[in-house]
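So the structure is just underneath, and the comments pick up after that.
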Amino acid sequence: MGYSGNPSIGVTDGADEHNLTIVSFVALAIYNAVELNFVVFSTFTRFQGLYFWSFLAAANGIIPHSLGFFLKNVVRSDRFGLYITLVAVGWVPMVTGQALVLYSRLHLIFWNDTWLRIILAIIITNVFILHIPIIVLMYGANSSSSPDNPWIQIYVAYEKVQVTLFFLQELLISAVYIRSCFSFFDTRNSLYGDAVPRMRRHLILVNLLIILLDVPILFFEYWDYYDIQTAYKAFVYSVKLKMEFRILNRLVKMTSERQVSLNPFHMNTSPNVDNTSPAKNALLTENASSASSRQRRGP
């Protein structure tokens, strides 16, 4: 992630001319994170479920991550324990929380239990093989800026590994989602005319855009623009969360309408849900889709 800068060439690899770009990304990331908190608590009426908690964790992870990075690379604080701790505390929920948001949203249109378990296992495994080692390496690499620091080269090498693997993790989830869109939104049996293909195109394009937003992260990482990469990544994750919320609104609306059309006796009797707001039905839809996964197999 470049969360500690590039320790192999000193305290930070950032130059003063990059400070404006870095500060802009950090400020926008924090602003988006604060806004997302207001959106979540003003939209959901039931504060429960994997989607709600993972979304909340991902949004709030952006704030300490960005503050720690700001102390490290802009303020140039010498208290490495403070800024690395802030960065680590924010990084884990920001990245893995985002993956769990994608995973929980996938339940709405994908019911292959085997693949869902595989994806969840990948997310959990990456916590242990990517998050934990990098956090240890960050503390070690930043404990001394000396070129003789034995942690530095290990950190620099493993940094690229974890950035790549986290990118592939999100790519896998998005690919499964895009593939599921084609089978779920079956236009041949649609009762909504052109609305279904338009919805499908919209969801696919948004997911492709989410993938493309991650590509510059790889570029900055492999070309050693560590500071810009880290600031940009926090900003991108905040933007992706905002896009995720829009996807959920439209997806829940379409899946709810589809369930009603398939079951003419369907009725939502929950007193805590506003039927006019698709986002407010998200948690109930998540639970309903989990139940349906035990009855259906394959997209």
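Numbering (our numbering), first residue to last: 573 to 871.
Quick reminder that beta carbons are idealized off the backbone N, C-alpha and C, glycines included.
Note that the structure is a prediction, hence the values are computed from the model and not measured.
Looking only at its chain, what residues have a beta carbon closer than 6 Å to the beta carbon of residue i, apart from the 5 residues adjacent to it on each side?
i: Tyr711; result: Ile656
i: Phe597; result: Ala803, Tyr804, Phe807
i: Asn632; result: none
i: Leu622; result: Ser676
Tell me whether the beta-carbon of residue i lies closer than 7 Å to the beta-carbon of residue j.
i: Leu672; j: Leu813; result: no
i: Ala605; j: Ile634; result: yes
i: Leu709; j: Ile726; result: yes
i: Leu658; j: Gly640; result: yes
i: Ala779; j: Ser755; result: According to the sequence displayed, residue 779 carries Asn and not Ala. In this structure, Ser755 does not lie closer than 7 Å to Asn779 by Cβ.
i: His703; j: Met666; result: no
i: Val808; j: Leu777; result: no
i: Phe616; j: Phe610; result: no
i: Ser626; j: Gly653; result: no
i: Tyr749; j: Leu678; result: yes
i: Ser810; j: Ala601; result: yes
i: Phe738; j: Leu790; result: no
Less than 8 Å between C-beta atoms, sequence neighbours within five positions excluded: which residues of the same chain meet that for residue i?
i: Gln741; result: Ala671, Ile694, Ile695, Asn698
i: Tyr730; result: Pro705, Ile706, Leu709
i: Leu781; result: Met815
i: Tyr794; result: Lys732
i: Ile783; result: Glu742, Leu743, Ser746
i: Arg822; result: Met771, His774, Leu775, Pro850
i: Arg818; result: Val778
Applying the criterion that 16 or more other CB atoms from any shown protein chain within 10 Å of the CB defines a buried residue, is residue i buried or exposed?
i: Asp720; result: exposed
i: Leu743; result: exposed
i: Thr570; result: Past the boundaries of the shown model lies residue 570; the chain is included only from 573 to 871, so the question cannot be answered.
i: Asp650; result: exposed
i: Gln734; result: buried
i: Gln801; result: buried
i: Tyr603; result: exposed
i: Ser662; result: Residue identity check: residue 662 is Gly in the sequence provided, not Ser. Buried, because 16 or more other Cβ atoms sit within 10 Å of the Cβ of Gly662.
i: Ser614; result: exposed
i: Leu643; result: buried
i: Val824; result: buried
i: Tyr797; result: buried
i: Val647; result: exposed
i: Val664; result: buried
i: Ile701; result: exposed
i: Leu775; result: buried
i: Leu680; result: buried
i: Leu592; result: exposed
Quick one: residues in its chain with C-beta nearer than 7 Å to the C-beta of residue i, no 5 flanking neighbours on either side, listed in chain order?
i: Phe792; result: Ile800, Gln801, Tyr804
i: Tyr675; result: Ile691, Leu692, Ile695, Ile745
i: Ala660; result: Ile707, Met710
i: His590; result: Asp799, Ile800
Handout entry: alpha helix (DSSP H) runs wholly inside the stretch 673-727, at least 4 long, in chain order
Key = 685-698, 704-714
Problem - Residue ranges of each alpha helix (DSSP H) within the stretch 761-807, 4 or longer - result: 767-794
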